[in-house]
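Residue numbers (this note's numbering): -11 to 367. One structure below.
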Amino acid sequence: IEHLARLIRSCGNARDLRQAQRLNCAIHGRGIDRRHGSYLSNLLVEMYGKCGSAADSFAVFQRARDRNLYSWNMMLQAFAVNGDLSSAKNLFDRMPQKDVVSWTAIMAALAANGRLNEASLLFDSLPCPNLVSRNVMLAAYAKAGHLESAWKAFNAMGERSVASWTSMIQPLAELGKVEVAQQIYDRTPMWNVITSTSMLAAYTQSGNFDMALEAFDSMPEINVVTCTVMISCYAACFQIEEALKVFDSMLERNVVTWTEMVHAYADLGHLEEAKLLFYQMPCWTLVPWNVMLLAYAMAGHLEDAKLMFETSPSRSVFSWTAMIQAYSCRGDFAQAEDILLCKIPMMDVVAANTMLATYTLAGCTDKAERLFETMPVRD
RNA sequence: AGGCCUACAAACCGU
């Protein structure tokens, strides 16, 4: 049974939906999940959530014979991480009991969807906040760039964990304050591989590639994320050979690692290599599809872009925006605008701005103005 | 009865 549990967990961690479905069939088909209380069904609910399918999670949840607080919290989390806040709230309201984990999961989901105020209000109403719920709020402030509030929350904490310290690093780098991030990193009383990888990412994202290399060389412990960051670091300084060296030397790779390598090839203009690697991926998320789609779009390969769009398992606003670019690059403004105004099921400000920029750059001021007037969202 | 499995920090996509 522990063997099965391990299999389920590793499948969730690999984000491999196909494998998840196979496992679920094998387990449920033999009725194994019915014989072990809520343990296995809980793990299956979690697995599907991680693989991006809240619907499959819910199916398992509903057919489960025994449900405990863990089951409800895992289902809640499955909805939350997949961006289905309304289902999460619905479930939350129907929970027979709730604990601080349930509240914290909702808070984190609100914050992740840009609803910081609601998260903050919820936090203030928590009957008994703990270290994790405080960390969630802290990280939410930090990521939103509300450094004052973040520091206030940080300083108010009676007890801190590695996560509390690590949460302060990344946002500083994003605001161009790498030195401050480094000062915190140097002063941290506790750190682990995540902390040092955050610092590495901070250097990479701020363009301090030499610092990144130095940091990497002196890291006492690395993992798959660390190496993936190094691939993006080498890609950012146009060292495709070095990026590939890291990729080839990795003992463990996940879907992000693969995506990053495909992205590196695509970004540096090696479309054929990108394509080869893309089709070799052991499993996909939507991101690599969009990476390939955009690469083709920007290279003017409209037919290839269309093919990616049509064959991808699903489409997000990223995919649609890439198609706007694909048509724009070919000068087919009518098709591009048709996508924006008629076809996108989820238009946002970036998609609209993309079209606007196309018109502006092409000197079609009249069309740009007309579009601007009718844009449902502006920034 | 208790334990196990759930919430927090690092890497990938569009103007």
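Just so you know, even glycine gets a beta-carbon here, dropped at the ideal spot from N, CA and C. All values reported here derive from a predicted model rather than from experimental measurement.
Nearest-angstrom beta carbon gap, residue j and residue i [assumed within contact, 8 Å]
i     : j    : result
Y194  : I157 : Looking at the sequence shown, residue 194 is not Tyr but Ser. About 12 Å separates the two Cβ atoms, so there is no contact after all.
A252  : A231 : 5 Å
G40   : N70  : 6 Å
L(-8) : L28  : 7 Å
L329  : I312 : Wrong, their Cβ atoms sit about 11 Å apart, outside the cutoff.
G133  : L109 : Contact doesn't hold; Cβ gap of about 19 Å is too wide.
Helix, strand or coil at residue i [DSSP, three-state]
i      : result
L163   : coil
I(-11) : coil
D21    : helix
V365   : coil
N51    : The amino acid at residue 51 is misidentified as Asn; the sequence shows Arg. In the structure shown, R51 sits in a helix (DSSP, three-state: H, G or I).
K294   : helix
T176   : coil
L114   : coil
K86    : coil
H134   : coil
N101   : coil
A76    : helix
M35    : helix
E209   : coil
S26    : coil
A287   : coil
Q9     : helix
A2     : coil
N70    : coil
M156   : coil
R(-6)  : helix
Contacting residues, own chain, Cβ-Cβ under 7 Å from residue i (five flanking each side not counted)
i    : result
T346 : S316, F321 and A324
A200 : L188, Y191, T192 and C221
M363 : A340
T247 : V275, P276 and V279
V244 : T216
L359 : M343, L344 and Y347
H442 : As displayed, the chain neither begins before -11 nor continues past 367, which places residue 442 out of reach and without an answer.
S149 : L119 and N123
A52  : S26, S29 and S59
M286 : Q313 and C317
Close beta carbons around residue i, own chain, < 8 Å, minus the five adjacent residues each side
i    : result
D255 : A223 and A283
C271 : A2, R3, D4, L5, R6, Q7 and V243
T214 : V181, S184, T185, L188, F204 and M207
Own chain residues within Cβ distance below 6 Å of residue i, not counting five before or after
i    : result
S75  : F67
T154 : I182, T183 and S186
S300 : W277
K355 : Y347
Closest by C-alpha distance to residue i, when choosing among the options
i    : options                   : result
G257 : L274, T245 and H289       : H289
S26  : M207, N61 and W246        : N61
G0   : R18, N242 and S307        : N242
L119 : V88, R303 and L239        : V88
N211 : I228, F235 and E202       : F235
E106 : P117, P115 and M125       : M125
S111 : N101, G133, Q227 and A141 : Sequence check: residue 111 is Phe here, not Ser. Closest option to F111, Cα to Cα, is A141.
L5   : P115, R18, H24 and K38    : K38
E209 : S307, A293 and W179       : W179
D336 : V305, I94 and E357        : V305
S152 : H134, L(-5) and P177      : P177
M35  : Q65, I219 and Q170        : Q65
L135 : G17, G19, R22 and A169    : A169
R303 : D326, K331 and R318       : K331
Runs of alpha helix (DSSP H) wholly within the segment 301 to 362 (minimum 4 residues, chain order): If only uninterrupted alpha helix (DSSP H) runs of at least 4 residues are considered, those enclosed by the segment 301 to 362 are 305 to 317, 321 to 326, 337 to 349 and 353 to 362.
Within the segment 240 to 272, ranges of the alpha helix (DSSP H) (whole runs, at least 4 residues): Listed in chain order, the complete alpha helix (DSSP H) runs (minimum 4 residues) inside the segment 240 to 272 are 243 to 255 and 259 to 268.
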